[in-house]
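First up is the structure itself, then whatever we jot down about it.
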Amino acid sequence: MKVYHQLPWHGKNVYFLGFMGSGKSRIGNAFADLLGWPFHDTDDLVERQAGKSIGDIFAEEGEERFRDLETSILEQVASWKNNVIALGGGAVLRDINWKLITGSGITICLTAPPELLSDRIGRNHHRPLMSNLDEEERLKKINRMLEQRLPYYQRAQFTFESKNDRSVSEFVRYIFEQLMEEL
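Mapping the sequence shown onto my numbering, position 98 (from 1) lands on 98, and the numbers just tick up by one.
Dropping the structure here:
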């Protein structure tokens with residue numbers, strides 16, 4: 001179903017934000033397919049611009065350099081229209097990023113219980129902030145980081161819990177229907 005010309009948010013981007021492992025890329029990509037819009041993941045855009053993986057950026061240049069690259073990407077993305085964008089989990093920690101995002105689109109936060117996030121993150125070995133942690137350490141770190149980031153995530157216009165209790169297509173359809181009702 002391609003209805004992008006009829007949407008109340010036509011001319012704006014749709015930003016998916018939330019903690020790593022919340023499903024931003026998977027759900028965002030499926031949401032873009034539903035709309036017939038391009039999908040972009042800012043982590044992928046950062047890697048392309050830097051010419052190296054996020055893990056290498058963290059290891060060689062540090063988190064601050066990664067965040068600077070992320071802001072640079074968001075400055076570009078904010079000028080686009082009708083794109084679905086998955087943000088890195090910490091993208092909303094900088095006020096400038098939040099201004100860029102909210103000035104150019106609508107914000108959807110995906111949440112999940114910490115245990116589910118830990119399980120999802122544990123299956124992906126490309127998470128520099130969680131590398132070399134056992135399950136217990138990972139869960140503790142997730143809880144600490146969530147406590148810090150929650151006030152930022154709560155700024156989103158819409159919040160949906162991603163719990164694995166329905167298929168991706170059902171979840172995306174639900175999000176779409178909620179946005180159509182609210183906007």
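Where a beta carbon is used, it is the ideal one built from N, C-alpha and C, also for glycine. Every value quoted in this text rests on a predicted model; they were computed, and no experiment measured them.
- Cβ-Cβ distances below 6 Å link Val46 to Leu69, Glu70 and Ile73 in the same chain, with the five nearest sequence neighbours on each side left out; the list follows chain order.
- Taking a C-beta distance under 8 Å as the contact criterion, Gly28 and Asn82 do not qualify as a contact pair.
- Rounded to the nearest angstrom, the Cβ distance from Thr111 to Ser22 is 6 Å, consistent with a contact under 8 Å.
- A straight line joining the alpha-carbon of Phe31 with that of Glu60 spans about 34 Å.
- Counted as a single uninterrupted DSSP element, the alpha helix (DSSP H) harbouring Asn97 occupies residues Asp95 to Ser104.
- In this chain, the beta strand (DSSP E) harbouring Asp41 covers Phe39 to Asp41.
- In this structure, the beta-carbon distance from Phe19 to Arg149 falls below 8 Å.
- The three-state reading of DSSP puts Asn13 in strand, counting E and B together.
- The distance from the Cβ of Ala86 to that of Lys24 is about 4 Å, consistent with a contact at the 8 Å cut-off.
- Counted as a single uninterrupted DSSP element, the stretch harbouring Val92 is not any alpha helix (DSSP H), since DSSP gives it neither H nor E.
- The Cβ-Cβ distance between Leu34 and Phe176 falls below 8 Å.
- A residue is called buried when at least 16 other Cβ atoms come within 10 angstroms of its Cβ; Arg48 does not meet this threshold and is exposed.
- In the structure shown, Ala78 falls within a coil segment according to DSSP collapsed to helix, strand and coil.
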